[in-house]
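One structure is given below, encoded as structure tokens.
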Amino acid sequence: MTNKENNLYFCDVKFRMNNILNYYLDINFYKNISYRQMLEYKQNPMQYIFDRELHEECGVFGLFNVNNAANLTYYGLHALQHRGQEGCGIVVCNENGSFTNVKGEGLVTEIFNAKNLASLEGKAAIGHVRYSTAGGGGIKNVQPFVFRHHTGDFALAHNGNLVNSRELSTYLENKGSIFQSTSDSEILAHLIKKEKDESAKLYNIIEALNMIEGAFAFVILTENKLYAARDKYGLRPLSIGKLNGGYVVASETCALDIVGAEFVRDVAPGEVIVFDTDGFTSVDYSKFKHNYLCAMEFIYFSRPDSDLEQCNVHSFRKESGKLLFEEAPADADIVIGVPDSSLSAAIGYSEASGIPYEQGLVKNKYVGRTFIQPSQDMREKGVKMKLSAVRSIVKDKRVVLIDDSLVRGTTSRRIVALLREVGAKEIHVRIASPPITHPCFYGVDTSTFDELMSAHKNVEQVRQSIGADTLAFLSQDALYRSGNRKELCLACFNGKYPTAMYQSITEANKDGKF
1233 MTNKENNLYF
1243 CDVKFRMNNI
1253 LNYYLDINFY
1263 KNISYRQMLE
1273 YKQNPMQYIF
1283 DRELHEECGV
1293 FGLFNVNNAA
1303 NLTYYGLHAL
1313 QHRGQEGCGI
1323 VVCNENGSFT
1333 NVKGEGLVTE
1343 IFNAKNLASL
1353 EGKAAIGHVR
1363 YSTAGGGGIK
1373 NVQPFVFRHH
1383 TGDFALAHNG
1393 NLVNSRELST
1403 YLENKGSIFQ
1413 STSDSEILAH
1423 LIKKEKDESA
1433 KLYNIIEALN
1443 MIEGAFAFVI
1453 LTENKLYAAR
1463 DKYGLRPLSI
1473 GKLNGGYVVA
1483 SETCALDIVG
1493 AEFVRDVAPG
1503 EVIVFDTDGF
1513 TSVDYSKFKH
1523 NYLCAMEFIY
1533 FSRPDSDLEQ
1543 CNVHSFRKES
1553 GKLLFEEAPA
1563 DADIVIGVPD
1573 SSLSAAIGYS
1583 EASGIPYEQG
1593 LVKNKYVGRT
1603 FIQPSQDMRE
1613 KGVKMKLSAV
1623 RSIVKDKRVV
1633 LIDDSLVRGT
1643 TSRRIVALLR
1653 EVGAKEIHVR
1663 IASPPITHPC
1673 FYGVDTSTFD
1683 ELMSAHKNVE
1693 QVRQSIGADT
1703 LAFLSQDALY
1713 RSGNRKELCL
1723 ACFNGKYPTA
1733 MYQSITEANK
1743 DGKF
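Going by the working numbering, the letters in the sequence shown line up with residues 1233 to 1746, in that order.
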């Protein structure tokens, strides 16, 4: 093996933990080999990557050089509340370089008030909203994390999941690191070399980023800089806005809008953005770049008023609904969508088919998402509390029911039963995404392989299980067409994971489940 080949892969954490990827890589070489082939160059590839307990689909927000940073971060987090309802936090750095934080378990409006926001003085801040799967909760895992060190304090928040977290945490613990949480977000902080020289911090962050593998959007706040980084596969979104001479970063553009920031651009895959009083600079920490944005960001997680990589979420969903009708037409009287993330697709299906769109289901706005409830029992109860069918609209009608996805089947089965109870004559279920057949390793709680209905049943068996008259899913090709994209992460639909994966799919995500 040549030295050039030996430097291609970012790190063999088991055998060469201290080897860092040279980020001035030969792109032409990458074009000629697959990602998996890179692993074959190693003499002793790791056989397993043990998944940590946490699977987070969270939201991050940050400001630099903006007055009333804490208050604006509060509004930004409120706009990102849909990305996580179990905990939230804000860290502010004042002009003296002192860090102050407030965080807790609960919604943004429950944790923050006028008094504790007033205690957060400064023009630079980062914030975080989170949810966890079972076993990953608790105040110790609520972000942002603040790290105290004689070379300078800093704070960190993260959206995503690291697939090599077990190896890295073991390595760091053997080197003397002590972890205060069970979140893999803390790993990056321990990997960053601590030096007083601020000019060296960027290169230390680059080295640390090249040691982690998976999906992430990080924001890191120091005494006089804000860093924002995105994984080299582009799995997690992160956008930049300009506000009153300063800058804002957020997981979704809807958070930029609520604080009045002007969208500048997205953070590119494999890029670190450094914000300071002179503006911002960009550095590529990796030349291996792709735009495998998680398809579930478009399908389910993001707000319809957000733009992801210059594609509006509502427009994406509406177009997917139109394509869903082309691929799976139904003879019916009305089209209804499951509130809220399915409504855009339902409108698209209605427009393409000419079948009237009606509000046949009403959502209780004070109940959180069933998809992200930590246990099956809570999901079952959540569905019963969450939706009501409108009898006068649905009774004696042939209904096309549009839903964004079908994961465990719990929600779909209950909704079909609700519509039957109020007198629907026929129920034709159309799902605006392909069947979910594989678990996610990148932070979306699509649960274990055993819990995914489509992993074990064909379309007809799923139809029988949920009690619909007919059932059809959107094709994978239609997802690309909906956003006019060439790349997306569709791993949960086809098992083609963008990153290296070593853990058995059948064992994925089982840690901490009950």
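All residues carry an ideal CB built from backbone N, CA and C; glycine is no exception. In this text, all values refer to a predicted model and were calculated from it rather than measured experimentally.
Cα-Cα separation, residue i to residue j
i            : j            : result
residue 1666 : residue 1685 : 12 Å
residue 1454 : residue 1520 : 27 Å
residue 1647 : residue 1509 : 53 Å
residue 1497 : residue 1339 : 29 Å
residue 1552 : residue 1492 : 30 Å
residue 1242 : residue 1503 : Since pLDDT at residue 1242 reaches only 36, below the 50 mark, its modelled position is unreliable, and the value read off the structure follows with that caveat. Near 15 Å, if we compare the C-alpha coordinates of residue 1503 and residue 1242.
residue 1728 : residue 1737 : 12 Å
residue 1482 : residue 1629 : 43 Å
residue 1335 : residue 1535 : 24 Å
residue 1550 : residue 1715 : 10 Å
residue 1429 : residue 1351 : 29 Å
residue 1517 : residue 1293 : 21 Å
residue 1709 : residue 1330 : 51 Å
residue 1572 : residue 1662 : 15 Å
residue 1532 : residue 1659 : 22 Å
residue 1511 : residue 1479 : 8 Å
residue 1537 : residue 1579 : 15 Å
residue 1673 : residue 1506 : 28 Å
residue 1620 : residue 1419 : 43 Å
Nonlocal neighbours in the same chain, by C-beta distance under 6 Å from residue i, ignoring five residues either side
i            : result
residue 1826 : Outside the modelled stretch of the chain, which goes from 1233 to 1746, sits residue 1826, for which no answer is possible.
residue 1581 : 1553, 1556, 1557, 1567 and 1634
residue 1539 : 1485
residue 1404 : 1422
Residues near residue i by beta carbon distance below 8 Å, same chain, minus five either side
i            : result
residue 1345 : none
residue 1730 : 1267, 1465, 1467, 1522, 1524, 1721 and 1723
Buried or exposed (CB count within 10 angstroms, at least 16 for buried), residue i
i            : result
residue 1457 : buried
residue 1588 : exposed
residue 1360 : buried
residue 1484 : buried
residue 1305 : buried
residue 1421 : buried
residue 1726 : exposed
residue 1542 : exposed
residue 1594 : exposed
residue 1390 : buried
residue 1462 : buried
residue 1372 : exposed
residue 1653 : exposed
residue 1576 : buried
residue 1321 : buried
residue 1494 : exposed
Secondary structure of residue i, DSSP reduced to three states
i            : result
residue 1694 : helix
residue 1726 : helix
residue 1377 : strand
residue 1424 : coil
residue 1587 : coil
residue 1668 : coil
residue 1419 : helix
residue 1178 : Since the first residue of the chain shown is 1233 and the last is 1746, residue 1178 is not available in this structure.
residue 1553 : helix
residue 1362 : strand
residue 1514 : strand
residue 1411 : coil
residue 1329 : coil
residue 1626 : helix
residue 1303 : helix
residue 1382 : coil
residue 1470 : coil
residue 1737 : helix
residue 1712 : helix
residue 1447 : strand
residue 1315 : helix
residue 1718 : coil
residue 1546 : helix
residue 1320 : strand
residue 1563 : coil
residue 1732 : coil
residue 1398 : helix
is_contact[residue i, chain D] using C-beta, thresh 8 Å
i            : result
residue 1453 : Absent here is chain D; the protein component of the structure consists of one chain.
Contacts around residue i, its chain only, beta-carbon distance under 7 Å, and the 5 residues preceding and following it disregarded
i            : result
residue 1386 : 1379, 1452, 1453 and 1454
residue 1626 : 1592, 1651, 1654, 1655 and 1656
residue 1689 : 1697
Cβ contact (3+ pairs, closer than 8 Å) linking the region 1461-1478 and the region 1296-1303: yes
Validate contact between the region 1385-1398 and the region 1444-1452 using beta carbons, cut 8 Å, 3 pairs: yes
Sufficient close CB pairs (3 or more, under 8 Å) joining the region 1403-1413 to the region 1370-1381: yes
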